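In the numbering used here, the protein residues as written are 102 to 394. Okay, so here's the structure we're looking at.
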Amino acid sequence: MTAKIIDGKAIAQELRGNIAKAAAELAKDHGIVPGLAVVLVGADPASEVYVRSKSKAVTDAGMKSFDHKLPADTSQDDLLALIKQLNEDKNVHGILVQLPLPSQIDSTLVLNSIDPNKDVDGFHPVNAGRLATGQRALVPCTPFGCVILAKKMHSSLSGMNAVVIGRSNIVGKPLAQLLLAENCTVTVAHSKTKDLPGVCREADLLFAAVGRPEMVKGDWIKPGATVIDVGINRVPGEAGKTKLVGDVDYKEALAVAGAVTPVPGGVGPMTIACVILNTLRAACASAGLPEPK
Ligand code: NDP
């Protein structure tokens, strides 16, 4: 058996097209152009690439992008003052502060100062609480993207056994909440889990968000299961170069699973698509409109 390869790039592209259509309707019917402010402190090259691709995704979708590049020695007070200004700006519907922040700045304090209704990363405790209690919430983009991919493979996730490996606040925990909201039976595994391979073998849906290259082997996977690999790990490749691999041994998974995401080209592109989806959702909510379709 060879698993279906879940083409995250194509699914993200389709999603971005739908978001652009919905944004155009929002502008036509309500005169609202969703706006995303991205704040980058310092000049970390990886962060700069990520921020540029987010800004491009935003403008490609017909939304406004407000980029704020601050020097690495920016004080915490200056950053908090900028967030306050963005919280009050009616043209800004989403605020995203690129992590990591320099050491003189308390990241938790900064993230918690963002208006929860503009928190497109979904990291604010108010959004975590709204998600956990089934209220309309801005949810973290990577788990949001994972669930959209799973739903592309199955018309309903209801009653499925879902195993999430990893319990971070940005991936594992919100992913578990989203799957619970889809009526899955959810198990969250972590570094203290006993018999992890056995736990994984029970999964109809297996999500790996660990940060350990190719940890999930073929014999951990239930035949026919859907496997979503969140991991991004850089490892030595051929001819002295490096390459990216996931948390799942992709070759082994292909032989056992029903469907599997590649790395790169699986979850990664969905994360950026969900940033702009959350910006659209925040803009709709700010105007008292229902969730975009
Ligand atoms: P964290 O390091 O915050 O969390 C890792 C989790 O994995 C922890 O809960 C940890 O358990 C668990 N874990 C570690 N080792 C093991 C093990 N041997 N067995 C079982 N569980 C283990 O990572 P993140 O959640 O931030 O990210 C996870 C991965 O996803 C990374 O590779 C990251 O690069 C990638 N990522 C990809 C994104 C994308 O857009 N595709 C976005 C965000 C992250 P414990 O809690 O017990 O320590």
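Glycine residues also receive a C-beta, built at the ideal position from the N, C-alpha and C atoms. Values in this document were obtained by computation on a predicted structure and should not be read as measured data.
Residue i classed as buried or exposed, judged by whether at least 16 other C-beta atoms fall within 10 angstroms
i: L378; result: buried
i: D305; result: buried
i: G347; result: buried
i: S166; result: buried
i: E115; result: exposed
i: D330; result: buried
i: E126; result: exposed
i: T343; result: exposed
i: L339; result: Residue identity differs from the one stated: residue 339 is Glu in this sequence, not Leu. The residue is exposed, with fewer than 16 neighbouring Cβ atoms inside 10 Å.
i: Q205; result: exposed
i: M371; result: buried
i: H131; result: exposed
i: V152; result: buried
Paired residues, beta bridge with residue i - DSSP
i: D178; result: Answer by DSSP bridge pairing: none, since D178 is not bridged.
i: I329; result: F308
i: G195; result: L137
i: T288; result: V264
C-beta contact flag for residue i and residue j at 8 Å
i: V368; j: T286; result: no
i: V349; j: A309; result: yes
i: P393; j: A123; result: yes
i: L355; j: A326; result: no
i: I196; j: V221; result: yes
i: L212; j: F224; result: yes
i: K100; j: A360; result: Absent from the model: residue 100. The displayed extent of the chain is 102 to 394, so no value can be given.
i: D207; j: N188; result: no
i: G109; j: G312; result: no
i: K253; j: I112; result: yes
i: L210; j: N228; result: no
7 Å Cβ shell around residue i - same chain, five flanking residues per side excluded
i: N218; result: A383, A386, S387
i: S148; result: L141, Q199
i: A251; result: L258, L306, T327, I329
Residue nearest to residue i in terms of C-alpha spacing, selected from the options
i: K191; options: L137, I373, V150, Q205; result: L137
i: G273; options: P298, G332, R237; result: G332
i: G373; options: G246, R231, A360; result: The identity of residue 373 in the sequence shown is Ile, whereas the question assumes Gly. Nearest C-alpha to I373: G246.
i: H169; options: L183, S176, K157; result: L183
i: L280; options: T175, L297, E339, G260; result: G260
i: P363; options: K185, V328, P324; result: V328
i: A358; options: G389, E339, A340, V317; result: V317
i: G154; options: L390, L258, V376; result: Before going further, note that residue 154 is Ser rather than Gly in the sequence given. Of L390, L258, V376, the residue nearest in Cα terms is V376.
i: P298; options: Y151, V152, I266; result: I266
Same chain, Cβ closer than 8 Å to residue i, five either side skipped, listed in chain order
i: V300; result: V264, T288, A290, T294
i: S269; result: A310
i: A396; result: Only positions 102 to 394 of the chain appear in this structure, which leaves residue 396 out of reach.
i: P226; result: N213
i: G235; result: A282
Other residues of its chain near residue i: CB distance less than 6 Å, five sequence neighbours each side excluded
i: P241; result: G223, I271, P275
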